[in-house]
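Visitor: Take this structure, written in structure tokens, and hold onto it; I'll ask about it next.
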Amino acid sequence: MNRTARAFWLSSPGEGELREVTLPEPAEGDVVVRSLYSGVSRGTETLVFRGGVPQSQYAAMRAPFQEGEFPAPVKYGYLSVGTVEEGPASLLGRTVFCLYPHQTRYVVPASAVTVVPDTVPAQRAVLAGTVETAVNALWDAAPLVGDRIAVVGGGMVGCSVAALLARFPGVRLQLVDADPGRAEVARALGVAFAAPEDALGDCDLVVHASATEQGLARSLELLRPEGTVLELSWYGDRRIGLPLGEAFHSRRLVVRSSQVGTVSPARSGSRTYADRLALALNLLADPALDALVTGESAFEELPDVLPKLASGQIPALCHRVRYADTP
Numbered sequence: 261m262n263r264t265a266r267a268f269w270l271s272s273p274g275e276g277e278l279r280e281v282t283l284p285e286p287a288e289g290d291v292v293v294r295s296l297y298s299g300v301s302r303g304t305e306t307l308v309f310r311g312g313v314p315q316s317q318y319a320a321m322r323a324p325f326q327e328g329e330f331p332a333p334v335k336y337g338y339l340s341v342g343t344v345e346e347g348p349a350s351l352l353g354r355t356v357f358c359l360y361p362h363q364t365r366y367v368v369p370a371s372a373v374t375v376v377p378d379t380v381p382a383q384r385a386v387l388a389g390t391v392e393t394a395v396n397a398l399w400d401a402a403p404l405v406g407d408r409i410a411v412v413g414g415g416m417v418g419c420s421v422a423a424l425l426a427r428f429p430g431v432r433l434q435l436v437d438a439d440p441g442r443a444e445v446a447r448a449l450g451v452a453f454a455a456p457e458d459a460l461g462d463c464d465l466v467v468h469a470s471a472t473e474q475g476l477a478r479s480l481e482l483l484r485p486e487g488t489v490l491e492l493s494w495y496g497d498r499r500i501g502l503p504l505g506e507a508f509h510s511r512r513l514v515v516r517s518s519q520v521g522t523v524s525p526a527r528s529g530s531r532t533y534a535d536r537l538a539l540a541l542n543l544l545a546d547p548a549l550d551a552l553v554t555g556e557s558a559f560e561e562l563p564d565v566l567p568k569l570a571s572g573q574i575p576a577l578c579h580r581v582r583y584a585d586t587p
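Residue numbers for the sequence shown follow the numbering used here, beginning at 261 and rising by one.
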């Protein structure tokens, strides 16, 4: 078995490279995975790429199989789908998802991979990590039947949340974004779309995922009295202002954070990380979620592609990476 691989490393902020690596000999209980696809989450990964992780968050932002340290050099990523080439008989030949960086082959404990259901194509399974974030957010938000809801920010996370909320009966749901191009994605997900100035107010819940100061301010404006903004944006090292004067107190508004690093307190007593990821993969049986993959390139192109994703030259939700020996 070939024990070498190639991995994408951030060599310095704004610059990446492919490196040759030697795989460790798998121990008992390990699996060797050959990568088929990986995904670039444009929000978090491009923030890492430009060196925007604040020092206070270095530990919190570590990916499960990260190598190196922030800001660089670092091997970072967490949306990998591949085929098990070596390991327990029950996993041999199976397509699996793993929270692993961009690398052609890798060795991990069998417990670190989750089998992709037969109903989910490998190409779509790269979305599992982001749909898992959306699951956790909705456990935190606890929306109710018939709620009036807005999702402000039509990026990868916001669209994933909107896609799941579209399944709730009786909700009035809008995806709100300043980019009119997001209307096409909303349509594919079966969700109404609005520009920020046209969004419907009197919302019970607003999920904010635009990572902008303006988006968070608009989210507060869209709430009914005693409504809640669930904040999913990651601002990295940027400071933002928030209008907590005016009617914030008299309307008794709530801003609540949500983060996928821990299982929501609403389910932490009854669900594990593995349960949450398995649920996310099962939800990916819906072909409408293909709309969240907005571009694809070969693994060899990553050093050229990531700067363009970070600058916005390549507009994307999830950018999929294809590996050379993918069938």
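All C-beta atoms, glycine included, are put in the ideal place defined by N, C-alpha and C.
Quick check on the DSSP output: what are the complete beta strand (DSSP E) runs of length 3 or more inside the stretch 302-352, in order along the chain?
Guide: 340-346
Visitor: Considering residue 383, what are the terminal residues of the beta strand (DSSP E) in which it resides?
Guide: Translated into the one-based positions of the sequence shown, residue 383 becomes position 123. Taken as a continuous stretch (DSSP letters only), residue 383 belongs to no beta strand (DSSP E), being part of the alpha helix (DSSP H) at 382-385.
Visitor: On the three-pair Cβ rule with 8 Å, is the stretch 417-426 touching the stretch 564-571?
Guide: no
Visitor: Considering only their Cβ atoms, is the gap separating residue 280 from residue 266 smaller than 8 Å?
Guide: Counting from 1 along the sequence shown, the entry for residue 266 is found at position 6. Counting from 1 along the sequence shown, the entry for residue 280 is found at position 20. Contact flag set, yes.
Visitor: Could you say if the stretch 408-415 and the stretch 464-481 meet the contact criterion of at least three C-beta pairs nearer than 8 Å?
Guide: yes
Visitor: Look at the alpha carbon of residue 243 and the alpha carbon of residue 538, and state the distance between them as a whole number of angstroms.
Guide: What the structure shows of the chain is the stretch from 261 to 587, and residue 243 is not part of that stretch, so it cannot be assessed.
Visitor: What is the DSSP secondary structure of residue 561, reduced to helix, strand or coil?
Guide: Numbered from its first residue, the sequence shown carries residue 561 at position 301. Correct three-state label for residue 561: helix.
Visitor: Taking its Cβ as the centre, do 16 or more other Cβ atoms sit within 10 Å of residue 338, making it buried, or is it exposed?
Guide: Taking the first residue of the sequence shown as 1, we reach residue 338 at position 78. Under this definition residue 338 is a buried residue.
Visitor: At what residues does the alpha helix (DSSP H) containing residue 418 begin and finish?
Guide: Translated into positions along the sequence shown, residue 418 becomes position 158. Residue 418 -> alpha helix (DSSP H) spans 416-425.
Visitor: Quick one: what's residue 472 bridged to in DSSP?
Guide: Locating residue 472 in the sequence shown gives position 212, counting from the first residue. DSSP, once it has assigned bridges, lists no residue as partnering residue 472.
Visitor: Enumerate in chain order the residues of its own chain whose CB-to-CB distance from residue 404 is below 8 Å, with the five nearest sequence positions on each side excluded.
Guide: Within the sequence shown, residue 404 is the residue found at index 144, counting from 1. Excluding sequence neighbours, residue 404 sits near 464.
Visitor: So for residue 389, helix, strand or coil by DSSP?
Guide: Residue mapping note: residue 389 aligns to position 129 of the sequence shown, counting from 1. Looking at residue 389 - three-state DSSP - the assignment turns out to be helix.
Visitor: What first and last residue would you give for the alpha helix (DSSP H) that runs through residue 541?
Guide: Here residue 541 refers to the residue found at position 281 of the sequence shown. Residue 541 -> alpha helix (DSSP H) spans 533-543.
Visitor: Name the DSSP beta bridge partners of residue 409, please?
Guide: The sequence position of residue 409 within the sequence shown is 149, counting from 1. Looking at the DSSP assignment, residue 409 forms a beta bridge with 433 and 465.
Visitor: Between which two residues does the alpha helix (DSSP H) holding residue 449 run?
Guide: Position 189 of the sequence shown, counting from 1, holds the residue named residue 449. Looking at the DSSP string, the run of the alpha helix (DSSP H) that includes residue 449 is 442-449.
Visitor: What does the Cβ neighbour count give for residue 396, buried or exposed, with the cut at 16 atoms within 10 Å?
Guide: Residue mapping note: residue 396 aligns to position 136 of the sequence shown, counting from 1. Buried.
Visitor: Check for me: the beta strand (DSSP E) holding residue 270 runs from which residue to which?
Guide: Start at 1 with the first residue of the sequence shown, and residue 270 comes out as number 10. Segment 264-272, the beta strand (DSSP E) holding residue 270.
Visitor: Going by the beta-carbon positions, is the gap between residue 433 and residue 452 smaller than 8 Å?
Guide: Position 173 of the sequence shown, counting from 1, holds the residue named residue 433. Position 192 of the sequence shown, counting from 1, holds the residue named residue 452. Yes, these two residues count as a Cβ contact at 8 Å.
Visitor: First and last residue of the beta strand (DSSP E) that includes residue 428?
Guide: Within the sequence shown, numbered from 1, the residue matching residue 428 stands at position 168. Counting along the chain, residue 428 falls outside any beta strand (DSSP E), and DSSP gives it neither H nor E.
Visitor: Output the boundary residues of the beta strand (DSSP E) element that contains residue 489.
Guide: Here residue 489 refers to the residue found at position 229 when the sequence shown is read from its first residue. 483-491 is the span of the beta strand (DSSP E), which, as asked, contains residue 489.
Visitor: For residue 421, I'd like the list of residues in its chain whose CB is within less than 6 Å of its CB, leaving aside the five on either flank, ordered along the chain.
Guide: For the purposes of this step, residue 421 is identified with residue 161 of the sequence shown, where counting begins at 1. So the list reads 394, 397, 411 and 467, once near-sequence residues are dropped.
Visitor: Measure from the alpha carbon of residue 288 to the alpha carbon of each residue in 408, 349, 307 and 556, then state which is nearest.
Guide: In the sequence shown, residue 288 corresponds to position 28, counting from 1. Residue 349 is the option with its Cα nearest to residue 288.
Visitor: Out of curiosity, what's the CA-to-CA distance linking residue 317 and residue 517?
Guide: Against the sequence shown, residue 317 aligns to sequence position 57. Against the sequence shown, residue 517 aligns to sequence position 257. Their Cα atoms are separated by approximately 16 Å.
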